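Participant: Pasting in a structure now, in structure tokens, and then I'll have a few things to ask.
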């Protein structure tokens with residue numbers, strides 16, 4: 017072990033080691049040591065409380081972010097023996113085993129691969145930052161024995177100027193230092209801060225806040241003064257209070273209190289009439305405003321409305337929504353996670369080990385069928401290449417294109433030759449339908465003059481003729 021390795025190991029015990037040998041041993045720009053750099057300051061923790069409130073109270077925001085987190089957590093991943101597309105995948109890998117049980121000895125956290133990825137993605141959506149603690153090891157150059165996601169509001173970047181030298185984790189009033197090598201920081205782009213990310217909750221803040229306020233408004237209406245749908249009016253100048261109370265009690269007892277009382281017809285006292293209030297223009301604008309808030313939340317989180325709304329959605333629209341969310345929301349998100357894992361964690365197992373998510377974007381089966389048909393007919397792809405793309409095992413005869421297969425294999429079976437004349441079977445002769453010309457020749461060859469010469473009657477001559485026909489038929 018070199019001197020630099022020993023230095024890295026000792027420094028790692030104090031949380032100051034780089035993630036790999038020689039890492040970050042570069043000359044920093046002149047402004048990096050500026051002490052007045054403001055991006056290193058701890059962000060306002062009340063911001064995260066507001067973001068968490070959006071997640072708890074806005075159904076549209078909660079459902080949208082949940083769709084993304086659960087889709088990311090259920091996506092398939094594999095570890096490959098290199099970064100290339102043709103690299104082979106490991107059947108078993110220590111990092112895959114660690115993902116299955118991320119926090120040994122802390123089973124009370126309920127952590128597994130699903131909840132780990134879910135926590136990382138949810139933190140990115142809320143705060144724009146996600147922190148993953150790499151623990152359970154003696155040195156920063158060893159693979160981790162623990163993956164522990166930390167709440168973003170409890171983590172603070174520490175250092176000098178703009179140079180981050182570690183992290184501080186605060187919980188229950190106490191602060192613990194964490195070294196650079198023991199933390200993976202996932203973050204989204206933030207135009208106003210170089211070190212902390214910007215969450216999707218910030219972009220959807222106004223829409224989510226309006227949505228939550230609208231729900232509180234509705235709850236207050238039903239709690240304090242439920243709006244009337246019908247008003248009973250009278251033409252009389254004075255109405256006795258007892259008569260009003262009697263009518264009010266009659267209305268409640270007759271038409272309210274259960275679903276079986278709905279839809280009845282009311283007959284009022286003389287001098288009274290009912291007026292339906294209906295929906296005002298203001299009510300219509302209020303409902304339209306709530307729909308706009310909901311759509312703004314979907315847009316900020318990158319979720320297609322067809323995946324969220326309970327209205328009847330055609331199958332074609334649902335497939336389009338799945339494709340768009342997979343391609344433009346889920347795939348970039350998982351690529352962000354894979355790149356951080358490949359830069360920070362996978363090199364600890366092997367220099368070329370690469371994590372990759374699989375089949376994130378759903379395939380358009382109809383388009384795939386047309387593409388495969390075109391490529392096969394024109395000889396662009398071989399049969400086995402198409403079978404591999406479909407997840408099928410290659411065939412022994414499939415390493416050729418479809419035109420080649422038709423020319424060599426498909427047409428190798430020659431049609432059976434026509435049988436020779438001697439081998440042909442005679443046509444089936446049905447009694448009473450034999451060739452009349454052949455039958456007449458046989459009858460003509462018979463000696464029909466004999467019965468006439470002997471003076472036989474017509475009956476005997478007819479019998480002789482019938483016998484001659486039978487003989488001609490064989």
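In my numbering, the protein residues as written are 17 to 490. Each residue gets a CB set at the ideal place from its N, CA and C atoms; glycine is no exception. Note that this is a predicted model, so its numbers are computed, not measured.
1. Nearest CA to the CA of residue 356: which residue from 383, 78, 65, 136?
2. Tell me whether residue 184 sits in a helix, a strand or coil according to DSSP, three-state version.
3. Hey, could you find the ends of the alpha helix (DSSP H) residue 564 is sitting in?
4. Is it the case that the CB of residue 215 approaches a heavy atom of the ligand SAM more closely than 7 Å?
5. Taking the alpha-carbon of residue 159 as reference, which of 45, 141, 125, 197 has the nearest alpha-carbon?
6. Considering residue 172, what are the terminal residues of the alpha helix (DSSP H) in which it resides?
7. Excluding the 5 residues flanking residue 334 on each side, which residues of the same chain have their C-beta closer than 8 Å to its C-beta?
8. Should residue 309 be labelled buried (16 or more other beta-carbon atoms within 10 Å of its own) or exposed?
9. Are the Cβ atoms of residue 161 and residue 153 separated by less than 8 Å?
10. Counting pairs of beta carbons, one from the stretch 103-117 and one from the stretch 364-375, are three or more of them closer than 8 Å?
11. Please say whether residue 150 and residue 377 have beta carbons closer to each other than 8 Å?
12. Tell me the residue span of the alpha helix (DSSP H) that contains residue 419.
13. Measuring only the C-alpha atoms, how far is residue 393 from residue 418?
14. Taking all protein chains shown into account, do 16 or more other C-beta atoms lie within 10 angstroms of the C-beta of residue 344, making it buried, or fewer, making it exposed?
15. Assuming the contact rule is C-beta atoms closer than 8 Å, residue 375 and residue 95 should be a hit. Round their C-beta distance to whole Å, please.
16. With a 10 Å radius around its C-beta and 16 neighbouring C-beta atoms as the bar for buried, classify residue 305 as buried or exposed.
17. Using 8 Å as the threshold, is the C-beta distance between residue 173 and residue 183 below it?
18. Following the continuous alpha helix (DSSP H) through residue 157, name the residue where it begins and the one where it ends.
19. Please classify residue 244: does DSSP put it in a helix, a strand, or coil?
20. Looking at the structure shown, is residue 205 part of a helix, part of a strand, or coil, going by DSSP?
21. So for residue 403, helix, strand or coil by DSSP?
22. Answer with buried or exposed for residue 65, where buried requires no fewer than 16 other C-beta atoms within 10 angstroms of its C-beta.
23. Does DSSP put residue 106 in a helix, in a strand, or in coil?
24. Pick from 105, 104, 163: whose alpha carbon is nearest that of residue 129?
25. For residue 349, which beta-bridge partners are listed by DSSP?
26. Pick from 224, 157, 207: whose alpha carbon is nearest that of residue 195?
27. With 16 other CB atoms within 10 Å as the buried threshold, where does residue 203 fall?
28. So residue 75 is in the alpha helix (DSSP H); what residue range does that whole segment cover?
29. If you follow the alpha helix (DSSP H) that residue 131 is in, where does it begin and where does it stop?
30. Is the separation between the beta-carbon of residue 92 and that of residue 373 shorter than 8 Å?
31. How would you label residue 80, buried or exposed, when you count the other beta carbons within 10 angstroms and need 16 or more for buried?
32. Going straight from the alpha carbon of residue 396 to that of residue 421, what length do you get?
33. Restricting to Cα atoms, I'd like to know which of 90, 192, 266, 44 is closest to residue 176.
34. From the DSSP output, which residues share a beta bridge with residue 146?
35. Return the chain-ordered list of same chain residues with a C-beta closer than 8 Å to the C-beta of residue 403, the five sequence neighbours on each side being excluded.
36. Going by C-alpha to C-alpha distance, which of 349, 193, 316 sits closest to residue 224?
Facilitator: The relevant details are as follows:
1. 136
2. strand
3. This structure cannot speak to residue 564, because the chain is shown only from 17 to 490.
4. With respect to the ligand SAM, the structure offers nothing, as it holds no ligand at all.
5. 197
6. Element bounds for residue 172: not the alpha helix (DSSP H) but the beta strand (DSSP E), 171-176.
7. 322, 323
8. buried
9. yes
10. yes
11. no
12. 418-421
13. 6 Å
14. exposed
15. Contact doesn't hold; Cβ gap of about 16 Å is too wide.
16. exposed
17. yes
18. Taken as a continuous stretch (DSSP letters only), residue 157 belongs to no alpha helix (DSSP H), as it is neither H nor E.
19. Its pLDDT being 49, under 50, residue 244 is placed unreliably by the model, and the measurement read from it follows with that caveat. Three-state DSSP puts residue 244 in coil, outside helix and strand.
20. coil
21. helix
22. exposed
23. coil
24. 163
25. Partner(s): none; residue 349 has no beta bridge.
26. 157
27. buried
28. 75-90
29. 129-143
30. yes
31. buried
32. 13 Å
33. 44
34. 202
35. 409, 410, 411, 414
36. 316
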